[in-house]
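Novice: Note that the working numbering has the sequence shown beginning at 83, numbered continuously upward.
We put the CB at the ideal spot given by N, CA and C, even for glycine.
In this text the structure is predicted, and so the values were computed from the model without any measurement.
The structure under discussion is supplied below as structure tokens; questions concerning it will follow.
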Amino acid sequence: PRSSVVLEVEVPPERVARSVEQAVARLARSTRVPGFRPGRAPRAVLERVVGPERVLDEAFEHLIPDTLEEALTDAAVIPLIQPDVEVVQRDEGKPLIYRATVPVRPEVTLGDYRNFPFAIEVEEIDAARVAQVLEELRDQQATLVPVEDRPARDGDYLIIAFEGRRDGETFEGGSADRYPIVIGAGRMIPGFEEQLVGMAIGAEKTFSLTFPDDYPDKTLAGKPVEFTVSVHEIREKVLPPLDDDLARSLGEYADLDALHIEVGKRLEANAIEVMFEELAGRLARDNISLKDYLEAVGKDEAAIRGEYRPRAEQRAKVLLVLNAVADAEDFQIPDEALEAELGRIRGRHPDDPRLVAYFESPRGRVSLRASLRRSAIVERIVDEWLAAHPEVGPVPHLEDDEAQRAEAAGVTAATIAG
Numbered sequence: 083p084r085s086s087v088v089l090e091v092e093v094p095p096e097r098v099a100r101s102v103e104q105a106v107a108r109l110a111r112s113t114r115v116p117g118f119r120p121g122r123a124p125r126a127v128l129e130r131v132v133g134p135e136r137v138l139d140e141a142f143e144h145l146i147p148d149t150l151e152e153a154l155t156d157a158a159v160i161p162l163i164q165p166d167v168e169v170v171q172r173d174e175g176k177p178l179i180y181r182a183t184v185p186v187r188p189e190v191t192l193g194d195y196r197n198f199p200f201a202i203e204v205e206e207i208d209a210a211r212v213a214q215v216l217e218e219l220r221d222q223q224a225t226l227v228p229v230e231d232r233p234a235r236d237g238d239y240l241i242i243a244f245e246g247r248r249d250g251e252t253f254e255g256g257s258a259d260r261y262p263i264v265i266g267a268g269r270m271i272p273g274f275e276e277q278l279v280g281m282a283i284g285a286e287k288t289f290s291l292t293f294p295d296d297y298p299d300k301t302l303a304g305k306p307v308e309f310t311v312s313v314h315e316i317r318e319k320v321l322p323p324l325d326d327d328l329a330r331s332l333g334e335y336a337d338l339d340a341l342h343i344e345v346g347k348r349l350e351a352n353a354i355e356v357m358f359e360e361l362a363g364r365l366a367r368d369n370i371s372l373k374d375y376l377e378a379v380g381k382d383e384a385a386i387r388g389e390y391r392p393r394a395e396q397r398a399k400v401l402l403v404l405n406a407v408a409d410a411e412d413f414q415i416p417d418e419a420l421e422a423e424l425g426r427i428r429g430r431h432p433d434d435p436r437l438v439a440y441f442e443s444p445r446g447r448v449s450l451r452a453s454l455r456r457s458a459i460v461e462r463i464v465d466e467w468l469a470a471h472p473e474v475g476p477v478p479h480l481e482d483d484e485a486q487r488a489e490a491a492g493v494t495a496a497t498i499a500g
């Protein structure tokens with residue numbers, strides 16, 4: 083089953099204004115304005131040259147990706163491919179409001195992968211699994227209703243004020259006046275959210291907690307801290323009915339089935355595009371143009387893409403299964419391993435700065451880490467299976483090659499890069 087999540091994001095006018103100011107500064111540096119040195123033209127003069135819409139376009143080209151990433155993080159939503167964004171309101175002086183339709187990764191039911199001899203089968207998912215995904219989608223579309231007649235409980239959305247003190251003194255990042263928090267989401271240090279259960283609007287509470295030993299801020303790691311918290315608002319999550327209206331509210335879908343079909347089409351198209359780009363890249367490395375290749379094989383782009391469709395579908399299934407296995411094993415790639423792989427890429431490609439720059443970028447690092455994770459989990463499972471079956475004998479591992487890693491990361495990289 084495939085599903086999609088819709089997030090409506092509202093960016094305060096103050097942040098929009100800062101983004102517009104930054105856009106004006108960028109455009110002023112890159113636009114020649116008669117009578118002014120680069121970067122010195124005031125906004126009114128600059129807009130006469132590029133137009134006021136160009137200024138807003140420049141601002142939102144940076145602001146929307148930044149705020150969307152924050153919204154995805156807050157909602158704990160992992161996009162499967164690049165979200166579709168529809169701007170609802172972009173008038174200057176008002177909040178920026180946009181709606182992001184985010185295809186999300188379906189969950190995969192794993193079989194006994196540890197004892198499976200090197201082949202992966204993707205089971206057909208029955209109606210019960212489809213119903214489970216629809217419930218997950220329903221949960222994502224829940225609304226928050228104000229609550230005044232009861233105290234806070236697990237799952238509630240609260241607006242709180244809090245102040246933390248270490249040795250009687252406040253510390254940076256330890257206080258907020260109107261902080262949104264979901265009880266049970268696990269965004270705060272262990273024990274903090276549990277203390278909010280039972281608190282009513284207007285209530286105040288003081289309690290002590292100890293920061294985890296592995297807390298990133300070493301000045302707080304392992305240290306006891308006293309918090310004083312007061313509750314401003316309590317809201318309860320209310321689920322919408324599971325019907326075709328829910329699907330229609332997510333976009334131009336006739337019903338829930340239409341929503342699933344559309345996401346499937348987008349996944350397939352994205353995977354095929356990645357494989358086609360890989361073909362073009364391999365041809366370029368051999369100094370062969372795509373046009374010459376198509377003429378040599380007597381096919382057009384549409385025919386090639388059609389041939390790639392079954393491979394793309396299989397690759398998408400394999401990536402989903404490998405990601406699910408890595409999640410089940412709680413397997414992660416440490417930063418040291420990622421940096422070591424980046425070092426190998428730099429050493430092997432000193433004359434290809436664009437390739438190196440991509441893998442060093444935040445998106446490239448995410449893609450590379452995902453590829454390393456999948457490769458490592460496969461190696462671990464194979465090694466464990468071989469250890470349990472010594473009669474098979476040793477199997478030589480393939481030599482590492484970042485081109486193979488890039489190919490294995492293709493769908494993930496395309497998902498992130500859009």
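Who are the near neighbours of Pro94 in its chain, counting only those whose CB is closer than 8 Å to its CB and skipping five residues on each side?
Specialist: If we look at Pro94 and ignore the five residues flanking it on each side, its Cβ neighbours are Pro177.
Novice: Compare the Cα-Cα distances from Glu286 to each of Ala234, Val229, Val407 and report the closest residue.
Specialist: Considering only alpha carbons, the answer is Ala234.
Novice: Roughly how many whole angstroms lie between the Cα atoms of Val477 and Ala384?
Specialist: Legend: pLDDT at Val477 = 49, less than 50; position of this residue unreliable, value from coordinates given subsequently. C-alpha separation (whole angstroms): 39 Å.
Novice: How about Asp221 and Ile265: are their beta carbons less than 7 Å apart?
Specialist: It is not a contact, given that the beta carbons lie outside the stated cut-off.
Novice: If you draw a straight line from the alpha carbon of Ala243 to that of Gly280, how long is it in whole angstroms?
Specialist: When rounded, the distance between both Cα atoms is 16 Å.
Novice: According to DSSP, which residues form a beta bridge with Leu89?
Specialist: Leu89 is bridged to Ala182.
Novice: Assign Ile160 to buried or exposed, taking buried as 16 or more other Cβ atoms, counted over all protein chains shown, within 10 Å of its Cβ.
Specialist: Ile160 should be labelled exposed.
Novice: Tell me whether the beta-carbon of Leu128 lies closer than 7 Å to the beta-carbon of Ala110.
Specialist: It is a contact, given that the beta carbons lie within the stated cut-off.
Novice: Expressed to the nearest angstrom, what Euclidean distance is found between the alpha-carbon atoms of Glu274 and Lys319?
Specialist: One detail in the question is off: residue 274 reads as Phe in this sequence, not Glu. Each residue's alpha carbon lies about 20 Å from the other.
Novice: Could you pull out every residue in the same chain whose Cβ sits closer than 6 Å to the Cβ of Leu450, ignoring the five residues on either side in sequence?
Specialist: For Leu450, where only same-chain residues beyond five positions count, the Cβ hits under 6 Å are Phe441.
Novice: Select from Glu174, Ala105, Thr225 the residue whose C-alpha is nearest the C-alpha of Leu89.
Specialist: Nearest option by C-alpha distance: Thr225.
Novice: By Cβ distance below 8 Å, which residues in the same chain neighbour Ala340 in space, the five residues on each side in sequence not counted?
Specialist: Excluding residues within five positions, the ones whose Cβ falls inside 8 Å are Ala329.
Novice: In chain order, what residues of the same chain lie with their CB nearer than 8 Å to the CB of Asp483, ignoring the 5 residues before and after it?
Specialist: Unreliable placement is indicated for Asp483, whose pLDDT of 41 sits below 50; the coordinate value is still reported in the next sentence. If we look at Asp483 and ignore the five residues flanking it on each side, it has no Cβ neighbours.
Novice: For Pro165, count neighbouring C-beta atoms within 10 Å of its own C-beta (all shown protein chains included) and say buried if the count is 16 or more, exposed if not.
Specialist: Buried.
Novice: Tell me, to the nearest whole angstrom, how far the beta carbon of Val313 is from that of Ala282; I am working on the premise that it is less than 8 Å.
Specialist: Correct: roughly 7 Å between the Cβ atoms.
Novice: With the cut-off set at 7 Å, would you say Ile415 and Arg455 are in Cβ contact?
Specialist: In contact: Ile415 and Arg455 (Cβ atoms closer than 7 Å).
Novice: Roughly how many angstroms separate the alpha carbons of His144 and Leu150, rounded to a whole number?
Specialist: Whole-angstrom Cα-Cα distance: 10 Å.
Novice: With a threshold of 16 other CB atoms inside 10 Å of the CB of Ala141, please say whether the residue is buried or exposed.
Specialist: With 16 or more Cβ atoms within 10 Å of its Cβ, Ala141 is classed as buried.
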